[in-house]
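Quick mapping for you: the protein sequence lines, in order, are chains A and B. Residues 1035 to 1458 in our numbering are what the first sequence lists, from first letter to last. Residues 1035 to 1458 in our numbering are what the second sequence lists, from first letter to last. Quick notes on the structure that follows.
There are 2 protein chains.
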Amino acid sequence: MSEPFSAETYFATQGKPASLDAEVRRVREFVRRQRDAGRNVVLVTSGGTTVPLEVNVVRFLDNFSAGTRGATSAEYFLKAGYAVIFMHRQFSLQPFSRHYSHSTNPFLDLLEVVPAAASNTAADADATAKTTSGNAAADAASTASSDAPSADATAKTTSSNAASTAPTTPTTSTISVTPSSLPHLTLVLSTYKSVQAAGTLLTLTFVTVNDYLWMLRAVSKEMSAVLGRRGLWYLAAAVSDFYVPGGRMSEHKIQSGKGSLLIEMDQVPKILKTMVDEWADEGYIVSFKLETDPALLIPKAHAALERYGHQVVIGNDLNRRKFEVVFVERAGAAQAGESEAVAGSAGGAEAEAPAGKAGAGSVGAAGKADIAGSVGAAAGKEEPKFIDKWLRIDLAANPEREIEEDIVGELVRQHAKWIRDGEV
Amino acid sequence: MSEPFSAETYFATQGKPASLDAEVRRVREFVRRQRDAGRNVVLVTSGGTTVPLEVNVVRFLDNFSAGTRGATSAEYFLKAGYAVIFMHRQFSLQPFSRHYSHSTNPFLDLLEVVPAAASNTAADADATAKTTSGNAAADAASTASSDAPSADATAKTTSSNAASTAPTTPTTSTISVTPSSLPHLTLVLSTYKSVQAAGTLLTLTFVTVNDYLWMLRAVSKEMSAVLGRRGLWYLAAAVSDFYVPGGRMSEHKIQSGKGSLLIEMDQVPKILKTMVDEWADEGYIVSFKLETDPALLIPKAHAALERYGHQVVIGNDLNRRKFEVVFVERAGAAQAGESEAVAGSAGGAEAEAPAGKAGAGSVGAAGKADIAGSVGAAAGKEEPKFIDKWLRIDLAANPEREIEEDIVGELVRQHAKWIRDGEV
Chain A
1035 MSEPFSAETY FATQGKPASL DAEVRRVREF VRRQRDAGRN VVLVTSGGTT
1085 VPLEVNVVRF LDNFSAGTRG ATSAEYFLKA GYAVIFMHRQ FSLQPFSRHY
1135 SHSTNPFLDL LEVVPAAASN TAADADATAK TTSGNAAADA ASTASSDAPS
1185 ADATAKTTSS NAASTAPTTP TTSTISVTPS SLPHLTLVLS TYKSVQAAGT
1235 LLTLTFVTVN DYLWMLRAVS KEMSAVLGRR GLWYLAAAVS DFYVPGGRMS
1285 EHKIQSGKGS LLIEMDQVPK ILKTMVDEWA DEGYIVSFKL ETDPALLIPK
1335 AHAALERYGH QVVIGNDLNR RKFEVVFVER AGAAQAGESE AVAGSAGGAE
1385 AEAPAGKAGA GSVGAAGKAD IAGSVGAAAG KEEPKFIDKW LRIDLAANPE
1435 REIEEDIVGE LVRQHAKWIR DGEV
Chain B
1035 MSEPFSAETY FATQGKPASL DAEVRRVREF VRRQRDAGRN VVLVTSGGTT
1085 VPLEVNVVRF LDNFSAGTRG ATSAEYFLKA GYAVIFMHRQ FSLQPFSRHY
1135 SHSTNPFLDL LEVVPAAASN TAADADATAK TTSGNAAADA ASTASSDAPS
1185 ADATAKTTSS NAASTAPTTP TTSTISVTPS SLPHLTLVLS TYKSVQAAGT
1235 LLTLTFVTVN DYLWMLRAVS KEMSAVLGRR GLWYLAAAVS DFYVPGGRMS
1285 EHKIQSGKGS LLIEMDQVPK ILKTMVDEWA DEGYIVSFKL ETDPALLIPK
1335 AHAALERYGH QVVIGNDLNR RKFEVVFVER AGAAQAGESE AVAGSAGGAE
1385 AEAPAGKAGA GSVGAAGKAD IAGSVGAAAG KEEPKFIDKW LRIDLAANPE
1435 REIEEDIVGE LVRQHAKWIR DGEV
């Protein structure tokens, strides 16, 4: 049992990822270009982090996260005119491609081979295979692919030539999208291509919790320096609370055959506090809290907000997160930022009064509470310390709806106010 | 520190996955159909297994595996005329789609929207967006997607109607494949469609090590009962050696804030032994051994073969597995199966002599060693106990080559011999 590291000690003792400097240069260029274009920038973190148990990694601890929340939200931020730095776990879902990822909607099932009249390539073999059935089809199947690697190599050579001479007129077979998939794919693809053309999406990748922490610090500093209040932090990644310090990792794959396995992990430093104080002191910072025990969700969200002093905690329950989240903010302090003593309609909530077990300190700020209505009738002698605003959608009535659209919509409004308040 | 469970105790105490019975019915139908069609069947397991630390899973231990070995091998087995049961970790790579998965080759980058003349849908908005650039393009981008959800809903309705009336003539915009990607995609897609038409690929999904163990047992029994020696087991999944027994799991997300985290895990029973003895006693069984310490690879492969009594261990080093593997078999016993006392050219190797720490016992079998030549000059007074056959490819000279093609080719030959030997 060792004391949790401070953020400072963590970065002083845990190795910096080799590719970080190159990534930071990409971020710097991106952020400046967006600022010059007058865009707000959101950092969306997404997916889980790993904690390697071995230096040559075979085993690792992971956090549950396919990256749906982050990838979906990134699309809605782009739609709202934001530039997005999408910092995600390798192989987790990404904006746009998420619609056709994994087993649910495999993209090969959207496509068909259309053999051209003059074609004598693989597409013909396929057409032949389709006219047969049963056992014969199986043979045809293996025939169709029996010279795949060599045909492939040839095809690749051919295609690079073709691309340089007549890029838009393939003379052999073509591939078409199945009619039923075409409208949706057209929409997704068009949006994707537009975003690419506009250059408003930058994708960064992490794997381990160490990658994540180093990258988050570096990206935050770049954003903060250039964007001030126009930067939004949307920290949806599922970050491990524990890690195995570099020096204590097993060099090679941990061997079984010696009975049970005992793993001891240290606590990851609570970098959100350092982030609020040092790396992104003007930014609008949204963190997420995922729990499986409903009774813990609100108390832990309150404690996080008090402890770290950022703007919003979005709480969600593992089993209800697709249709219900809760926005937790300090009462009165909501959206008013760092400007102290701006008493608003909520009447100067005691944002600094100690409550809960968390060792707060950096909270500050009371202000206009234009969303205080959602607190209900609690306003009386005792001022509410936090505002919990539930956001629910009816998936039964509208199964296509994505709650991220509402989450992003609300945050865009709050961030706009945050920016205005900073200009006063 | 508790004694490792036997396989029997494991299944008696750890819960059966809810969907297992339905999966088994699919497997039963598949296996019988393939037998009737005269095909051999290979079970390919692929990807890593998780070990949940909580009942409501947020954290889990995982094994490194994208599933490349299994997904690639499955394609080559299909090509060789096998029917394939592809039992893989959810979201790990799959045959065919693997070529365009993840960040390396995202499929949306292969496609282009081609607006039709009469089109007044999203494709036109896209075309407009493309003619602009810089800041204007960004605005166009958000415009193009600004009514995405509603347009999407409309599009979906339209398309189902269109599909039932004129499925092959979309009247609005179309999507085409970029010319440079067309040849390769045509080949992959044609093969995929042929396999679908032939019905020779059955995909099963697992997540946890418990899912995996239950499924492996059930599928093995189904295969074994129907196929006898015509079943091949290709156990490429990276299965955890440790697990947290159901009764000892935390109900909810483990809370941080209490210092370090201590995890104690039990050993997973060595089910390969039970499999060889009980679930698949006539099958040809290939297991994999992945190590990061080169010095351990061969000794551990030998120990596994001796301990479990199956046919082949394919050993690979984490950093060399793309171009080098080693086939480890019992000398003399190679390919001869369970028939005892068939002394072959290798001279009746002492397959039952105790060696290593592993508690063997079920090994048996000595026979024709038509691949003993690869042992080298070790044949003298002391007979070699194992044959280690290295298989290497030259990726520098041929970067497109996949070592799985050679692995599968070798196994198909050995399995054919195994079947012939069983017919004598």
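Where is the CB? At the ideal position from N, CA and C, for every residue including glycine.
{"Check": "Outcome for residue 1046 (chain A) when other beta-carbon atoms lying within 10 angstroms are tallied against a minimum of 16", "Outcome": "exposed"}
{"Check": "Minimum Cβ-Cβ distance from residue 1119 (chain B) to chain A less than 7 Å", "Outcome": "no"}
{"Check": "Inside the segment 1248-1275 of chain A only - beta strand (DSSP E) runs reaching at least 3 residues", "Outcome": "1265-1269"}
{"Check": "Element boundaries [beta strand (DSSP E), containing residue 1143 (chain A)]", "Outcome": "Where residue 1143 (chain A) is concerned, there is no enclosing beta strand (DSSP E), given that its DSSP letter is neither H nor E."}
{"Check": "The segment 1264-1279 of chain B contacting the segment 1114-1123 of chain B, beta-carbon criterion three pairs below 8 Å", "Outcome": "yes"}
{"Check": "Residue 1294 (chain A) versus residue 1299 (chain B) - alpha carbon distance", "Outcome": "5 Å"}
{"Check": "Segment contact, 8 Å Cβ cut-off, at least three pairs: the segment 1331-1349 of chain A with the segment 1309-1322 of chain A", "Outcome": "yes"}
{"Check": "Chain-order list of residues whose beta-carbon lies under 6 Å from that of residue 1449 (chain B) (same chain, five-residue window excluded)", "Outcome": "1266 and 1318"}
{"Check": "Residue 1114 (chain A), DSSP secondary structure in three states", "Outcome": "coil"}
{"Check": "Under 9 Å from the C-beta of residue 1286 (chain A): neighbouring residues of chain B", "Outcome": "1325, 1326, 1327 and 1330"}
{"Check": "Residues near residue 1040 (chain A) by beta carbon distance below 7 Å, same chain, minus five either side", "Outcome": "1303"}
{"Check": "Minimum Cβ-Cβ distance from residue 1220 (chain A) to chain B less than 7 Å", "Outcome": "yes"}
{"Check": "Sheet register partners of residue 1465 (chain B) (DSSP bridge)", "Outcome": "Look at the range of chain B in this structure, 1035 to 1458, and you will see that residue 1465 (chain B) is not part of it."}
{"Check": "Residues bridged to residue 1350 (chain A) (per DSSP)", "Outcome": "A:1324"}
{"Check": "Short CB-CB distance (under 7 Å) between residue 1333 (chain A) and chain B", "Outcome": "no"}
{"Check": "Span of the beta strand (DSSP E), counted from its first residue to its last, around residue 1282 (chain A)", "Outcome": "Taken as a continuous stretch (DSSP letters only), residue 1282 (chain A) belongs to no beta strand (DSSP E), as it is neither H nor E."}
{"Check": "Reference residue 1145 (chain B); option with closest CA among A:1051, A:1143 and A:1209", "Outcome": "A:1209"}
{"Check": "Strand pairing of residue 1234 (chain A), partner residues [DSSP]", "Outcome": "Partner(s): none; residue 1234 (chain A) has no beta bridge."}
{"Check": "Straight-line gap, residue 1217 (chain A) to residue 1227 (chain A) (C-alpha atoms, nearest Å)", "Outcome": "15 Å"}
{"Check": "Neighbour list for residue 1095 (chain B) in chain A, Cβ cutoff strictly below 7 Å", "Outcome": "1093 and 1095"}
{"Check": "Status (buried if at least 16 other CB within 10 Å, exposed otherwise) for residue 1049 (chain B)", "Outcome": "exposed"}
{"Check": "Reduced DSSP category for residue 1444 (chain A) - H, G, I as helix; E, B as strand; rest coil", "Outcome": "helix"}
{"Check": "Selection from B:1276, B:1095, B:1143 and B:1115 that minimises the alpha carbon distance to residue 1235 (chain B)", "Outcome": "B:1115"}
{"Check": "Residue 1216 (chain B), DSSP secondary structure in three states", "Outcome": "helix"}
{"Check": "Reduced DSSP secondary structure (H/G/I, E/B, other) of residue 1087 (chain B)", "Outcome": "coil"}
{"Check": "Identity of the residue in A:1042, A:1109, A:1222 and A:1082 nearest residue 1483 (chain A) by Cα", "Outcome": "No information on residue 1483 (chain A) is available, as it lies outside the stretch 1035 to 1458 that chain A covers here."}
{"Check": "Residue from B:1315, B:1107 and B:1336 whose Cα sits closest to the Cα of residue 1446 (chain B)", "Outcome": "B:1107"}
{"Check": "For residue 1045 (chain B), the first and last residue of its enclosing alpha helix (DSSP H)", "Outcome": "1041-1047"}
{"Check": "Under 7 Å by beta carbon: chain A residues contacting residue 1209 (chain B)", "Outcome": "1211, 1216, 1219, 1220 and 1223"}
{"Check": "Residue 1094 (chain B) - DSSP class collapsed to helix/strand/coil", "Outcome": "strand"}
{"Check": "Proximal residues of chain A, C-beta to C-beta of residue 1134 (chain B) below 9 Å", "Outcome": "1141 and 1142"}
{"Check": "Cutoff 6 Å; reference residue 1089 (chain A); Cβ partners in own chain excluding five residues on either side", "Outcome": "1283 and 1285"}
{"Check": "Pairwise C-alpha distance: residue 1225 (chain B) and residue 1453 (chain B)", "Outcome": "28 Å"}
{"Check": "Cβ pair count under 8 Å reaching 3, the segment 1233-1250 of chain A against the segment 1051-1068 of chain A", "Outcome": "yes"}
{"Check": "Pair within 7 Å by beta-carbon distance, residue 1111 (chain A) and residue 1076 (chain A)", "Outcome": "yes"}
{"Check": "Contacts that residue 1131 (chain B) makes with chain A (C-beta to C-beta distance below 8 Å)", "Outcome": "1140, 1141 and 1142"}
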